[in-house]
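Okay, so here's the structure we're looking at.
Numbering (the working numbering), first residue to last: 15 to 406.
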């Protein structure tokens, strides 16, 4: 599936999985449904169960809880196909996980929380496998285990710069998910945090009651700003049939679609400073990785060759192929035969820069290859291998 994933347009898709709790103790659960990773152990590939990972972020209102917890939720899903290893025959598996079903899950490596006390991150330990039919977990499991159906529903619902919300809702309802499950244009934990407080809990922000032990949010709005914010909320409430929060989610998603399409259109005509155009692999990897944290790349690809110059870091991953040449020499020292050797190399280099919060994020991708007596196909294969690894 990796080449197919590389070829697809990448839009910013976040989903609001669940909203629960009473005032002062409300919680919002968001999922980043752009990339659902396959974490199946190598010895279980083509078996009846595969492990799928979905990024879920819980944002909390209560002052005694973290600002948010970012979870790498892993689910045990029925494999799309199973293999009879006696004859290597593939058999399709029509079993579906539906929202409402019990799911087997765990919190995977790379999960963390943002402490409210000092806005510092803290790792969340990997959990044991558990089974639950809790609403949020069941919905997340249905998305993770039906990733192909979700992806197809998303892309079929994009109509130019618009999104067919009703059509998307009808498609996901077949998986037991709420037909009105809101999609937004945000996909990163800090963006989810901001969205929760600006769209759902804005009344507390306006009143200056947002929990703020770190002092990060301490600037109180002026009376004019407070009045303008209250009027905006009142106007939205009066004008909209749906809740202002859901309407804000729709506007956010449409803005994300338009921005993504504009970015891709601009990217199609982008040339590098040396005048060379982006290659298809570079363009596809940029769609997948631009803006994502450096640590996600290292976690997926492993430790790179690392350099830093000025305000940029360069993380390079290289793949080689080499075959030594062999010469056959007779007793008189004359070459009477042999085999020509060959060499091929391809590297993918990710350039990262710091964002406003000091976090390193992917800014550019460079792919270059070379070969000698190996054939162009050999280097193309090496480049595609690295690109495929980066698209997991």
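By construction, the Cβ of each residue, glycine as well, lies at the ideal position given by its N, Cα and C atoms.
- When the Cα atoms are used, residue 311 and residue 94 turn out to be separated by approximately 27 Å.
- Annotation for residue 124: 86, 313 place their beta carbon closer than 7 Å to its own, counting only its chain and skipping 5 residues before and after.
- DSSP places residue 201 in the coil class of the three-state scheme, outside both helix and strand.
- Counting of Cβ neighbours within 10 angstroms places residue 334 among the exposed residues, the total staying below 16.
- Note: residue 110 is not bridge-paired with any residue in the DSSP secondary-structure output.
- C-alpha of residue 75 to C-alpha of residue 322: approximately 39 Å in a straight line.
- For residue 213, there is no enclosing alpha helix (DSSP H), as DSSP gives it neither H nor E.
- Spanning the alpha carbons of residue 303 and residue 185 requires a straight line of approximately 28 Å.
- The continuous alpha helix (DSSP H) containing residue 157 extends over residues 149-159.
- Annotation for residue 298: the continuous alpha helix (DSSP H) segment containing it runs 294-303.
- Check the Cα spacing between residue 198 and each of 28, 126, 301, 77: the tightest is with 28.
- By the Cβ test, the stretch 212-231 is in contact with the stretch 128-144, since at least three Cβ pairs between them sit closer than 8 Å.
- The beta carbon of residue 362 sits closer than 6 Å to those of 331, 381, 400, all from its chain and outside the five residues before and after it, given in chain order.
- When secondary structure is reduced to three states using DSSP, residue 376 falls in the strand class.
- Secondary structure of residue 85 (DSSP, three-state): strand.
- In the DSSP assignment, residue 34 falls outside any alpha helix (DSSP H) and lies within the beta strand (DSSP E) extending over 28-34.
- 81 is the residue among 316, 81, 317 whose C-alpha sits nearest the C-alpha of residue 224.
- Residue range 179-187 is occupied by the alpha helix (DSSP H) that includes residue 180.
- Going by DSSP, residue 77 is part of no beta strand (DSSP E) at all; its letter is neither H nor E.
- In the DSSP assignment, residue 133 falls outside any alpha helix (DSSP H) and carries neither an H nor an E.
- With contact defined as three or more Cβ pairs closer than 8 Å, the stretch 46-66 and the stretch 139-146 are not in contact.
- For residue 335, the pairing in a beta bridge is given by DSSP as 358.
- Listed as beta-bridge partners of residue 51 by DSSP are 67.
- With a beta-carbon spacing of about 7 Å, residue 308 and residue 376 fall inside the 8 Å limit used to define contacts.
- For residue 193, same chain residues with a beta-carbon under 6 Å away, outside a window of 5 residues either side, are 183, 187 in chain order.
- Distances from the CA of residue 360 to each of 368, 383, 371 were compared; the closest alpha carbon is that of 383.
- Taking the CA atoms as reference points, residue 167 sits about 43 Å from residue 324.
- Residue pairing by DSSP places residue 91 opposite 64 in a beta bridge.
- When the beta-carbon positions are compared, residue 70 and residue 33 stay at least 8 Å from each other.
- Measuring C-alpha to C-alpha distances from residue 214 to each of 31, 40, 396 identifies 40 as the nearest.
- For the 8 Å CB-CB criterion, residue 126 and residue 116 do not form a contact.
- With contacts defined as CB atoms closer than 8 Å, residue 119 and residue 144 qualify as a contacting pair.
- In the three-state reduction of the DSSP assignment, residue 146 falls in the strand class.
- Listed as beta-bridge partners of residue 127 by DSSP are 83, 136.
- Residue 191 sits in coil when the DSSP states are folded into three classes, being neither helix nor strand.
- Per DSSP, reduced to three states, the secondary structure at residue 59 is coil, with no helix or strand assignment.
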